[in-house]
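Report on one structure; see the data block that follows.
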Amino acid sequence: QICTKISDSGQRTAEIGAYESVLRFNEGRLGRLNIMKDLKLCISNNAINSHNKADMRRIKQGDRRAKQKTIE
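Take a look at the structure:
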């Protein structure tokens, strides 16, 4: 959960949560790292590797689900 509906966050926080959700859907976790790079933040190799692995798992899971749907 990036931005819950039942928190006392303001409109700006909700907008940021929505942008984060769209970014993660479109670009995966590496999209967040790209934003951090644009902000000139230091990103460790561990962060890059873990985000790559998470994205690969997400892609493989999506491929498996799509293949399963075509089999049915």
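According to the working numbering, the sequence shown holds residues 3 to 74 in order. Here a beta-carbon is modelled for each residue, glycine too, at the ideal position from N, C-alpha and C.
Alpha carbon of residue i to alpha carbon of residue j, nearest angstrom
{"i": "K88", "j": "T72", "result": "The shown model of the chain, from 3 to 74, leaves out residue 88, and the question about it has no answer."}
{"i": "A56", "j": "A68", "result": "18 Å"}
{"i": "R59", "j": "H53", "result": "10 Å"}
{"i": "N36", "j": "G12", "result": "25 Å"}
{"i": "S23", "j": "N51", "result": "21 Å"}
{"i": "F27", "j": "Q70", "result": "21 Å"}
{"i": "C44", "j": "Y21", "result": "22 Å"}
Candidates the options, of which the one nearest residue i by Cα
{"i": "I61", "options": "N48, L32, A49 and G19", "result": "L32"}
{"i": "G64", "options": "G30, N48 and M38", "result": "G30"}
Pair within 8 Å by beta-carbon distance, residue i and residue j
{"i": "L25", "j": "R14", "result": "no"}
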